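Student: A single structure is presented below for examination.
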Amino acid sequence: MSLSTRLTSAIIGVAAVSLALTACASTSDDSEAAPEEDLGTLVVGATAVPAGEILAFVQDNLAEEAGLDLEITEFSDYNTPNPALAQGATDANLFQHAPFLDLFVTDSGDDLVSVGEVYLPPLALYSETVDSIDDLPDGAEIALPNDASNESRALLLLADAGLVETTEAPTTVADITANPRGFEFTEIDAASLPTALQQQDAAIVNFSFAAAAGLSGDLQILTESTDSPYFNILATRGELIDDPRIVTLYELLTSTETQEWIIENYNGLVIPAE
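The opening residue of the sequence shown carries number 83 in this note's numbering; numbering runs sequentially from there.
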């Protein structure tokens, strides 16, 4: 073989090795940048605070790497997210606790299920006129949420504090069996409770609406303990319970990164599920 032929063969060999190494490097870089699997789009309904904010954190920081295209649909009340989920307008929702979902399923017959607990927004009694429950005057006017699940929860909060006595499983103010201080209760829509503070001595408000209205922890004169059955859940239709998108979203919502973000951003007013 001539010298020129040997040189040509060597050059071709080096070029081939170079191309192979470049291809391997490119493949490696692509595999690191791209998610392991493209799971597709998942539409999740949520109230703005804190559910919408928590989902936005997942959307901005965790979803893409997990291969999930997360779309958030915001709702301003508790009455429309579950029908939207049942009718297929969303694939999941995050705004409610399990007792609320159970009541909806019982009343509607829709096949909605809990995926698991995500966070607890403790229910609290707020007041702009007094600094403690001991300062509430006899006959004070207190506003309560008017949906059965959260009204029952509100009455249990008052009963646990010794302000009233109720039946074992209260649902409405009609289940109050003793009211020694003569409080007057007004049942109104949960979204209107923050504004009710302008007319009432106190109001029991869910964190979602309290935060959206700018109510601070300084106005809380009574709050639920962390040992509560009212952790908010990720819910979906029964047919989607094992869907990889749902499974992945729940993993992201309960990840260490999300738990730490919740603790840092809500200063203990929202408690992540363990």
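Beta carbons: idealized from backbone N, C-alpha and C, even for Gly. Every value quoted in this text rests on a predicted model; they were computed, and no experiment measured them.
(1) Compare the C-alpha of A297 against each of T248, S209, I215, T338 and name the closest.
(2) Under 8 Å between the Cβ atoms of F291 and I224?
(3) For the alpha helix (DSSP H) containing P141, list its first residue and its last residue.
(4) When the Cβ atoms of the segment 185-202 are set against those of the segment 313-328, are three or more pairs found closer than 8 Å?
(5) N164: buried (16+ other C-beta within 10 angstroms of its C-beta) or exposed?
(6) Do the CB positions of Y201 and I328 come within less than 8 Å of each other?
(7) Once you ignore the five residues that flank L207 on each side, which residues in its own chain have a CB closer than 6 Å to its CB?
(8) Can you name the residues that DSSP bridges to E199?
(9) What residues match up with T305 in a beta bridge as DSSP calls it?
(10) Give the straight-line distance between the Cα atoms of D120 and L152, rounded to the nearest whole angstrom.
(11) By how many angstroms is the C-alpha of D242 removed from the C-alpha of T254?
(12) Under 8 Å Cβ to Cβ from A138, same chain only, skipping five residues before and after it: list those, please.
(13) CB-CB under 7 Å to R235, same chain, minus the five flanking residues each way: which ones, in chain order?
(14) From Q282 to D217, what distance separates their C-alpha atoms?
(15) Quick check on DSSP: helix, strand or coil for T129?
(16) Spatial neighbours of Y348 within its chain, please: C-beta separation below 7 Å, excluding the five flanking residues on both sides.
(17) Using beta-carbon positions only, say whether E156 and A174 come within less than 8 Å of one another.
(18) What residues match up with N175 in a beta bridge as DSSP calls it?
(19) Which of the three DSSP states is assigned to T249 in this structure?
(20) Using a threshold of 8 Å, state whether the C-beta atoms of L334 and L176 are closer than that.
(21) Apart from the five residues on each side of it in sequence, which residues of its chain come closer than 6 Å, Cβ to Cβ, to L237?
(22) Within 10 angstroms of the Cβ of S231, are there 16 or more other Cβ atoms? Answer buried if so, exposed if not.
(23) Thinking C-alpha only, which one of A222, D159, N261, Q169 is nearest N228?
(24) Nearest to T358 by alpha carbon, out of L322, T259, P326?
(25) Spell out the partners DSSP gives E223 in its beta bridges.
Tutor: Put simply:
(1) Position 215 of the sequence shown, counted from the start, is the residue given in the question as residue 297. Strictly speaking, residue 297 in this sequence is Leu, with Ala absent from that position. It is S209 whose Cα lies nearest to the Cα of L297.
(2) Here residue 291 refers to the residue found at position 209 of the sequence shown. Here residue 224 refers to the residue found at position 142 of the sequence shown. F291 places its beta carbon 8 Å or farther from that of I224.
(3) As a first step, residue 141 is located in the sequence shown; it is residue number 59 there, counting from the start. In the sequence as presented, Pro is not what sits at residue 141; that position holds Gln. For Q141, the enclosing alpha helix (DSSP H) starts and ends at 135-143.
(4) Judged by Cβ distances under 8 Å, the segment 185-202 makes contact with the segment 313-328, as three or more pairs qualify.
(5) The residue labelled residue 164 in the question sits at position 82 within the sequence shown. So N164 ends up on the buried side.
(6) For the purposes of this step, residue 201 is taken as the residue at position 119 of the sequence shown. For the purposes of this step, residue 328 is taken as the residue at position 246 of the sequence shown. It is not a contact, given that the beta carbons lie outside the stated cut-off.
(7) Here the question's residue 207 lines up with position 125 in the sequence shown. Here L207 has A284, I286, I303, L304 as same chain residues with Cβ atoms under 6 Å from its own Cβ, once five neighbours each way along the sequence are excluded.
(8) The residue given as residue 199 occupies position 117 in the sequence shown. Looking at the DSSP assignment, E199 forms a beta bridge with I315.
(9) As a working mapping, residue 305 is identified with position 223 in the sequence shown. Beta-bridge partners of T305 (DSSP): A206.
(10) For the purposes of this step, residue 120 is taken as residue 38 along the sequence shown, with counting starting at 1. For the purposes of this step, residue 152 is taken as residue 70 along the sequence shown, with counting starting at 1. The C-alpha of D120 lies about 12 Å from the C-alpha of L152.
(11) As a position in the sequence shown, residue 254 is number 172, starting the count at 1. As a position in the sequence shown, residue 242 is number 160, starting the count at 1. Near 16 Å, if we compare the C-alpha coordinates of D242 and T254.
(12) Here the question's residue 138 lines up with position 56 in the sequence shown. For A138, where only same-chain residues beyond five positions count, the Cβ hits under 8 Å are I154.
(13) The residue given as residue 235 occupies position 153 in the sequence shown. These residues qualify, in order along the chain: L205, Y312.
(14) As a first step, residue 282 must be located in the sequence shown, where it is residue number 200. As a first step, residue 217 must be located in the sequence shown, where it is residue number 135. Taking C-alpha positions only, Q282 is separated from D217 by approximately 14 Å.
(15) Position 47 of the sequence shown, counted from the start, is the residue given in the question as residue 129. T129 carries a strand assignment under DSSP once its states are collapsed to helix, strand and coil.
(16) Numbered from its first residue, the sequence shown carries residue 348 at position 266. Result list for Y348: P132, in chain order.
(17) In the sequence shown, counting from the first residue as 1, residue 156 sits at position 74. In the sequence shown, counting from the first residue as 1, residue 174 sits at position 92. Contact check for E156 against A174 fails: the beta carbons are separated by 8 Å or more.
(18) For this step, residue 175 is matched to residue 93 along the sequence shown. Partner(s): G127, A317.
(19) Looking up residue 249 in the sequence shown gives position 167. DSSP places T249 in coil when its eight states are reduced to three.
(20) Taking the sequence shown and counting its residues from 1, one reaches residue 334 at position 252. Taking the sequence shown and counting its residues from 1, one reaches residue 176 at position 94. A distance of 8 Å or more separates the beta carbons of L334 and L176.
(21) As a first step, residue 237 is located in the sequence shown; it is residue number 155 there, counting from the start. Within the same chain, L237 has close Cβ partners T248, P252.
(22) For the purposes of this step, residue 231 is identified with residue 149 of the sequence shown, where counting begins at 1. Within 10 angstroms of the beta-carbon of S231 lie 16 or more other beta-carbons, which makes it buried.
(23) Locating residue 228 in the sequence shown gives position 146, counting from the first residue. N228 has its Cα closest to that of D159, out of A222, D159, N261, Q169.
(24) Lying before the first or after the last residue shown, residue 358 is absent from the chain, which here runs from 83 to 356.
(25) For the purposes of this step, residue 223 is taken as the residue at position 141 of the sequence shown. Answer is E266, bridged to E223.
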